[in-house]
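Just below is one structure, and these are the notes that go with it.
4 protein chains.
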Amino acid sequence: MSTSSLICDLARQFYDLGWVTGTGGGICIREGDRVIMAPSAVQKERMSPEQMFTLSIDGTIIDRPSDPALRPSECSSLFLAAIRLRNAGAVIHSHSIHATIATLLFEREFVISDLEMIKGIEGMSYHDRLVVPIIDNTAQECDLAESLEAAIEAYPDTHAVLVRRHGVYVWGRDWVQAKTQAECYDYLFRAAAEMRRLGVTDASLSSRSTDSYVRR
Amino acid sequence: MSTSSLICDLARQFYDLGWVTGTGGGICIREGDRVIMAPSAVQKERMSPEQMFTLSIDGTIIDRPSDPALRPSECSSLFLAAIRLRNAGAVIHSHSIHATIATLLFEREFVISDLEMIKGIEGMSYHDRLVVPIIDNTAQECDLAESLEAAIEAYPDTHAVLVRRHGVYVWGRDWVQAKTQAECYDYLFRAAAEMRRLGVTDASLSSRSTDSYVRR
Amino acid sequence: MSTSSLICDLARQFYDLGWVTGTGGGICIREGDRVIMAPSAVQKERMSPEQMFTLSIDGTIIDRPSDPALRPSECSSLFLAAIRLRNAGAVIHSHSIHATIATLLFEREFVISDLEMIKGIEGMSYHDRLVVPIIDNTAQECDLAESLEAAIEAYPDTHAVLVRRHGVYVWGRDWVQAKTQAECYDYLFRAAAEMRRLGVTDASLSSRSTDSYVRR
Amino acid sequence: MSTSSLICDLARQFYDLGWVTGTGGGICIREGDRVIMAPSAVQKERMSPEQMFTLSIDGTIIDRPSDPALRPSECSSLFLAAIRLRNAGAVIHSHSIHATIATLLFEREFVISDLEMIKGIEGMSYHDRLVVPIIDNTAQECDLAESLEAAIEAYPDTHAVLVRRHGVYVWGRDWVQAKTQAECYDYLFRAAAEMRRLGVTDASLSSRSTDSYVRR
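Chains G, X, Y and U, in that order, are what the protein sequence lines are.
Quick note: the first sequence uses this note's numbering, first residue 62, plus one each step.
Quick note: the second sequence uses this note's numbering, first residue 62, plus one each step.
Quick note: the third sequence uses this note's numbering, first residue 62, plus one each step.
Quick note: the fourth sequence uses this note's numbering, first residue 62, plus one each step.
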């Protein structure tokens, strides 16, 4: 499958997950020194491969779709920031309601620990404290680039940055890792809200207890 | 794809989103001075193109399906009101539970601000206060036309009208914009209920804070 | 499409709606004086037409699948009760979690009014008070038949009977009406729980207010 | 359909149910004295039959995919424990958020009774008290094997073991029973959280009341 076809296929899947409704969100995939990217403001579950843009890593348009109405994704500069600063092979931007709600439950950092899905994030183990920086949203998506870059540099271990009242950017070394991590983060964002609704705190029922399970 | 086929395709998608269960809800699309519309009281995820009606903008039936049991949508007059008063190219009527619940959380207007998805509504930016008028429901759907028209005129910037304990009407210049906006509104209705459940108010964790994100 | 194929197709759809997980729930459709019914304890989203049973309305097996391991649905006597007492053309049994939860929110009757989806139930208009009797569950499904019959007779206008901590039986004159009504009931069960969670009572924000919407 | 194809097919279905997101979770199926198992850390909804491993019941790799990058599932020892100790024909490991949340609502045992879906678990009837042991999670999945085995032996009637803040292992005599039981458990985990959110206790509205439904 070509990278352009793969982007269309993944976008349909992300639509079903509620990540790219209302034409928002998206995914880009790097091929060597080029980046394949969907256009802005199109219905993400109905894209076709010939609608994709090809950009260089510095943002120059190398190849564009023949339809003159199409413009490159408004997330271009954000996608490229993660690619340049983290050598990412793919970046996913999700408007998942779980990500958006998570930014309303925490101040500057989303923090969670002791959940198995944390292990899906590279470099993290079960008992680690997973931290995702939250940056404030801006009126124009391109204006987010500066604070996203600052967050990426301030949190050298993170693979994601939440945007307050907006969504999340997640990246990985390739599209497989980016997607896996995006699914794990989304699960963790949702779990945090469920725990809040049920009044279950991080401290309760910790699995760090020293009395291991024994036969009765 | 013909407009009739497109309506069937979109209706299947709306069914999966929970917008048109129980034969409720629907979509109409304008073609020049004609409007293609689904019949009333049919299962929206199982329609075929030959079941569609064609109406003039004043509501006269120009073409009808051969099956004599089919009647035009009960929403006809409401669909046509948005088309006439707003020059809409498509109108979506959704019974989404998120829309219905939203009408129970607000009195006369659904109001939300500072959520990225607001930008999906034409003319709105992130910090704008999005207002959707809520009209009271009536026993007969056709009796809604008058108050829907009044709301459309009273709120010249709105692209949607909520109907208390019923659902929402959303329109756009074409089916793409109508669908995009319907998805954004639905997300915002759901977000408002999630915020209410979690006790998160609009004022808390506002992204309007002046201290932009800085490196630590 | 044959009735047997239709049952398989609808069962797949009901699986996606969460109504028939864990082999529970089902649907039967009448053809004249015969009833086509799925077998018991099979995965409802993976059935094939040759697995169907054909019963007479008094419950005699007229035709059975060649696989000797298959037994008729445990709901047979309940399905047949609705067919005999209400002249139903189809009966749907759902284990939807919304139905089960609804039986925990009400004592002997599920009651709701002033929701548009009520109009999807035959004979009901928007302001009507929709009542669904709730019968207690029994250890054996066949033992429910007596109380289901009693509820059907005690509530001559109902098209559904809820079973406490179990699910719901819904019927209609044909499979289309049964499915439409099952979808409307499910929406209403879910809405009742959402309203309870959000602290919204039936009385608040009633659409019966006499001050109709006026231009500002 | 070959067992390898069936595993791929079921994994796609489990992905849609939210059980195997982020490459987590999985299923293995026994064929006589061999066990077919998916590889570790692959996207479960996109697997192909030639990626499967074949293991003996003692864990020796009999056959492996040609792709050298693939490793056997990290759940191998846990899958094999259920197969050896319970003569299981299939084992499902789910990261369903309902399972994970259930482990935060109960201390050492998940307990529920008086729900119809309990009857989907072998040997259980409606009024029985269903108990699922909860073991603490470990940093490495393979380190769970010992406490999983202890739980299986301590609870000789259970068909599932919950893992705190992680998910659940469910088995059955064949893949059909394992899947049926996994769906029933998942429903019950979700129902327990819904009941908690709505403030409905087990004791309220019990169906054990002796006053059976009578005609009014």
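For glycine and all other residues, C-beta sits at the position ideal for the given N, C-alpha and C.
Since G:Thr-241 and U:Gly-83 should fall inside the 8 Å C-beta cutoff, what is the C-beta to C-beta distance between them, to a whole number of angstroms? 5 Å
For U:Ser-308, does the count of other Cβ atoms within 10 angstroms reach 16, so buried, or fall short, so exposed? Because chain U in this structure spans residues 62 to 277, residue 308 of chain U falls outside the shown range and cannot be described.
Please report how far the alpha carbon of G:Asn-198 lies from the alpha carbon of G:Tyr-230, in whole angstroms. 12 Å
Using a beta-carbon distance cut-off of less than 7 Å, what residues from the region 67-88 of chain Y approach chain X? none
Classification of Y:Ala-130 by the beta-carbon crowding that lies within 10 angstroms, buried from 16 upward: exposed
Note down, in chain order, each residue of its chain lying with its Cβ closer than 8 Å to the Cβ of X:Arg-169, except the 5 sequence neighbours on either side. Pro-194 and Ile-195
Strictly under 8 Å for the Cβ-Cβ distance: is X:Arg-145 near chain Y by that measure? When Cβ-Cβ separations below 8 Å define contact, X:Arg-145 makes no contact with chain Y.
Any beta strand (DSSP E) of 3 or more consecutive residues that is wholly inside the region 204-266 of chain G: Entirely contained in the region 204-266 of chain G, the beta strand (DSSP E) runs reaching 3 residues are, in chain order, 221-224 and 228-233.
Given this structure, state the Cα-to-Cα distance separating U:Ser-66 from U:Glu-111, to the nearest angstrom. 9 Å
Pop quiz: X:Asp-165 and X:Ala-253 are said to be a contact at Cβ under 8 Å. What is the actual Cβ separation, rounded to whole angstroms? One point to set straight first is that residue 165 of chain X is Leu, not Asp, in the sequence displayed. Going by Cβ atoms, the distance from X:Leu-165 to X:Ala-253 rounds to 11 Å, so no, they are not a contact pair.
Name the two residues that bound the continuous alpha helix (DSSP H) containing G:Ala-151. Careful: G:Ala-151 lies outside any alpha helix (DSSP H), inside the beta strand (DSSP E) at 151-155.
Could you run through the region 89-104 of chain X and flag, in chain order, every residue whose CB is less than 7 Å away from some CB of chain Y? Gln-104
Quick one, which of X:Leu-141, X:Ser-157 and X:Arg-226 has its alpha-carbon nearest X:Gly-79's? X:Ser-157
Interface residues of chain X around Y:Cys-245 at Cβ under 7 Å? Gly-83
Contained beta strand (DSSP E) runs [length at least 3] in the region 118-186 of chain X, N- to C-terminal order: 122-124, 151-155 and 170-174
For U:Thr-84, which three-state DSSP category applies? DSSP places U:Thr-84 in helix when its eight states are reduced to three.
Residues sharing a beta bridge with U:Ile-90, DSSP: Its beta-bridge partners are U:Ile-97 and U:Ala-151.
Taking buried to mean at least 16 other C-beta atoms within 10 Å of its own C-beta, is Y:Glu-202 buried or exposed? buried
Tell me which residues of the region 227-255 of chain G have at least one Cβ-Cβ distance to chain U shorter than 8 Å, keeping chain order. Val-237, Lys-240, Thr-241, Gln-242, Glu-244, Cys-245, Asp-247, Tyr-248, Arg-251, Ala-252 and Glu-255
Hey, is the region 124-144 of chain G in contact with the region 225-239 of chain X, meaning 3+ C-beta pairs nearer than 8 Å? In this structure the region 124-144 of chain G does not lie against the region 225-239 of chain X, because fewer than three pairs of beta carbons, one per stretch, are closer than 8 Å.
Taking only beta carbons into account, state which residues of the region 141-165 of chain Y come closer than 7 Å to chain U, listed in chain order. For the region 141-165 of chain Y, which is checked against every Cβ of chain U, the residues closer than 7 Å are His-156, Ile-158, Thr-161, Ile-162 and Leu-165.
Using the beta-carbon of each residue, which ones in chain X are nearer than 7 Å to G:Arg-257? Leu-259
Once you ignore the five residues that flank Y:Ser-127 on each side, which residues in its own chain have a CB closer than 8 Å to its CB? For Y:Ser-127, where only same-chain residues beyond five positions count, the Cβ hits under 8 Å are Glu-111.
What is the DSSP secondary structure of U:Leu-67, reduced to helix, strand or coil? helix
With DSSP as the reference, please indicate the residues paired to X:Val-192 in a beta bridge. X:Val-172
DSSP state of X:Leu-78, grouped into three classes? In this structure, X:Leu-78 counts as helix in the three-state DSSP scheme.
Per DSSP, cross-strand counterpart(s) of U:Thr-115: U:Ile-97 and U:Asp-124
Which listed residue (X:Val-222, X:Gly-120 and X:Val-103) has its alpha carbon closest to that of X:Arg-331: Chain X is shown only over 62 to 277; residue 331 of chain X falls outside these bounds and no answer can be derived.
Using a beta-carbon distance below 8 Å, is X:Gly-181 in contact with chain G? yes
Cβ-Cβ distance between U:Tyr-187 and U:Asp-175 below 8 Å: yes
Return the CA-CA distance between G:Glu-92 and G:Gly-150, expressed in angstroms with no decimal places. 8 Å
Check the Cβ-Cβ distances between Y:Arg-276 and every residue of chain X, and say whether any is below 8 Å. Low confidence applies to Y:Arg-276: its pLDDT is 34, below 50, so where it sits in the model is not reliable enough to give any reading.
For chain X, find out if any of its Cβ atoms is closer than 8 Å to the Cβ of G:Ala-130; answer yes or no. no
Determine whether the beta carbon atoms of G:Ala-143 and G:Val-152 lie at a separation below 8 Å. Annotated as proximal: G:Ala-143 and G:Val-152, with beta-carbon spacing under 8 Å.
Against chain Y, with Cβ distances strictly below 8 Å, would X:Ala-200 count as a contact? yes
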